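From first to last, the protein sequence lines stand for chains A and B. To convert, note that position 83 of the first sequence is 83 in the numbering used here; the numbers rise steadily by one, no gaps. To convert, note that position 187 of the second sequence is 1187 in the numbering used here; the numbers rise steadily by one, no gaps. For glycine and all other residues, C-beta sits at the position ideal for the given N, C-alpha and C. Predicted, not measured: the structure shown is a model, and the values here were computed from it.
Number of protein chains: 2
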Amino acid sequence: MTITSIHQEEQPTENHSLVDRVETQIVELLRQQKLKVGDVIPKEMELTEMLGVSRTVIREALMRLKVMGLIESKKRKGSVITSPDIFNVLSKSMNPHILDQETLKDMFELRLALEVGMADFIFQRITPDDINELKEIVSKEPEASEEDRFFIEHEISFHSKLYEISNNQSLKNFQKLLLPLFDYVHNSGLLKIPVNSLRYVSHKGLVDVLENGSPELFRNAMRNHLENHFLRLF
Amino acid sequence: MTITSIHQEEQPTENHSLVDRVETQIVELLRQQKLKVGDVIPKEMELTEMLGVSRTVIREALMRLKVMGLIESKKRKGSVITSPDIFNVLSKSMNPHILDQETLKDMFELRLALEVGMADFIFQRITPDDINELKEIVSKEPEASEEDRFFIEHEISFHSKLYEISNNQSLKNFQKLLLPLFDYVHNSGLLKIPVNSLRYVSHKGLVDVLENGSPELFRNAMRNHLENHFLRLF
DNA sequence: TGGTCATATTATGTATAACATAATAGTGAT
DNA sequence: ATCACTATTATGTTATACATAATATGACCA
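What follows is the structure in structure tokens.
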């Protein structure tokens, strides 16, 4: 099962339009020429001659690559290959109003799994400064005003800091991407009402574990901290 | 911090091209008309009149929405709103040959976090049949031929089954999406050579925990099982 | 009446040509 | 040598015409 074989499987049928084929031809061309990030790709007119199709088709194919974040085009300079920020791409189709409810629920679960599972990366990369910053955030937390908008903002800033500590840019982008979804999910009655609103492990408790505990302990603490969210699912 | 406010933040500058603006106008239009999945959107010519731009621009904007999986277009019928399979969208820009190494490493970490963190969903939804299937897979595993292609395939089929048990379609799609990446990462020397090749917790051990243990135990067992992968990162 | 086939219609897909615009290169004057 | 102006280049936008596929229409026949 090689990479290429897997990719081929994704396009089994023959119902490709001309633009479809041209798109893959261009990607293939770029790969063959071993073009790296920053290199300029052939001009639109050159591509029309190379591939024998109209500029319209070339432009539509290039437009796709642009949307995918594979290239960027500038006037006169032409198009250059870019390093696609895949989550930025994703964010454009992540419109909560359009995604179906099942997917929204799935994404919510995905987030919970990530926050529980990223313990090792946090422990591997956390610094004393990070600990202090987390303590700072905790100290400014509002007390017991559960429904408050202010409370949610603090909730977000604490967890965002954890993602930042993981030092995984894709993970950070992913979280940023999910934020508007949760906002939507919370307001849309898609999930059950929380059974009770007390948090078993507080943010302060999590910081303690980060300071003195282990990844194992942190996973369990985080799982516990998120208990309310899990209860809303099961 | 509402959804809309967050979305607006993503487009701060004024460097939008005409197609950019038309794209958002169309999405806005669809939202205002409260169009749901399956509804047909205005024809290209109608949009040209509504928005006062050429059909080409309309088509390029619609092309973007197509790439994002928001609409599908059929001849004569026009374009209809679809429920975007966001990970299918993502897969198109997930070309391992184009993604930079940092992103590849990030995705690898993301996978590890997910597999450790999804314990609760597996436990919540696993059935006796699933257990039997896992046992079946384990029984067919090759012995100690670590480098073997055959071994990797069994590794994949075991872990794929776990994703399936999670009953989270987005999660499953995500894994499917990541498979070619790992293939690439493994072959590209991007990660360190594994320090030693023994697995601390075997697949059989994981199944035992699934049968008799708890989410907590499973998280630790899975973390242990993946030890080699973590060692390659740290 | 009811069904089947050819034809018209409709909306997307593709091709071509022309002009607009922005960025760069090049030229010339001081 | 520097600055300003112009020419050039490649993408951005518009307009038009034709191709193609899917559907609707309607005539025709049994």
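> Does DSSP classify I1122 (chain B) as helix, strand or coil?
Replying inline: helix
>> Measuring alpha carbon to alpha carbon, tell me which residue in A:L35, A:Q101 and A:V207 is nearest D129 (chain A).
In response: A:V207
> Looking at E1060 (chain B) and M45 (chain A), is the spacing between their C-beta atoms short of 8 Å?
Replying inline: No. Outside cutoff.
>> Can you tell me whether S1266 (chain B) is helix, strand or coil according to DSSP?
In response: Residue 1266 (chain B) lies beyond the range of chain B shown here (1001 to 1234); nothing can be said about it.
> Which whole-angstrom value describes the C-beta separation of L1065 (chain B) and I1071 (chain B), a residue pair presumed to lie in contact below a C-beta threshold of 8 Å?
Replying inline: 5 Å
> Whose C-beta lies closer than 8 Å to the C-beta of F1182 (chain B) among residues of the same chain, with five residues either side of it excluded?
Replying inline: Excluding its 5 nearest sequence neighbours in each direction, F1182 (chain B) has C-beta neighbours in its own chain below 8 Å: F1108 and R1111, listed in chain order.
> How long is the line joining the alpha carbons of S160 (chain A) and I131 (chain A), rounded to whole angstroms?
Replying inline: 14 Å
> According to DSSP, is K1105 (chain B) helix, strand or coil?
Replying inline: Reduced to three states, the DSSP call for K1105 (chain B) is helix.
> L1018 (chain B): which of B:T1048, B:V1185 and B:D1039 sits nearest, CA to CA?
Replying inline: B:T1048
> Just checking, does the region 1111-1126 of chain B make contact with the region 1083-1094 of chain B on the three C-beta pairs under 8 Å criterion?
Replying inline: Touching, no.
>> For E216 (chain A), report the span of its alpha helix (DSSP H) as first-last.
In response: Residues P215 to H225.
> DSSP three-state call for S1083 (chain B): helix, strand or coil?
Replying inline: coil
>> Beta carbons nearer than 9 Å to chain B: which residues of the region 79-97 of chain A have them?
In response: I81, S83, P84, D85, I86, F87, N88, V89, L90, S91, K92, S93, M94, N95, P96 and H97
> So is G52 (chain A) buried or exposed if we call it buried at 16+ other beta carbons inside 10 Å?
Replying inline: exposed
> Which one or two residues does DSSP pair with K74 (chain A) in a beta bridge?
Replying inline: A:G78
> Closest to I1041 (chain B) by CA distance: which of B:S1054, B:T1082, B:M1068 and B:L1231 is it?
Replying inline: Among B:S1054, B:T1082, B:M1068 and B:L1231, the Cα nearest to that of I1041 (chain B) belongs to B:T1082.
> Can you name the residues that DSSP bridges to V40 (chain A)?
Replying inline: A:V80
> Any Cβ of chain B within less than 8 Å of the Cβ of K103 (chain A)?
Replying inline: A quick correction: the sequence has Thr, not Lys, at residue 103 (chain A). True, the Cβ-Cβ gap to chain B drops below 8 Å.
> Since N1220 (chain B) meets chain A, which of its residues come closer than 7 Å, beta carbon to beta carbon?
Replying inline: E216
>> Could you check whether P84 (chain A) and Y184 (chain A) sit closer than 8 Å to each other, using their CB atoms as the reference points?
In response: no
> Grouping DSSP H, G and I as helix and E and B as strand, with all else coil, what is E28 (chain A)?
Replying inline: helix
> For E1153 (chain B), does the count of other Cβ atoms within 10 angstroms reach 16, so buried, or fall short, so exposed?
Replying inline: E1153 (chain B) comes out exposed.
> Can you tell me whether G136 (chain A) is buried or exposed, with buried defined as 16 or more other CB within 10 angstroms of its CB?
Replying inline: The sequence as given places Glu at residue 136 (chain A); Gly does not occur at that position. Under this definition E136 (chain A) is an exposed residue.
>> By the 7 Å beta-carbon criterion, what residues does the region 55-74 of chain A contribute toward chain B?
In response: E60, M63, R64, V67, M68, G69 and L70
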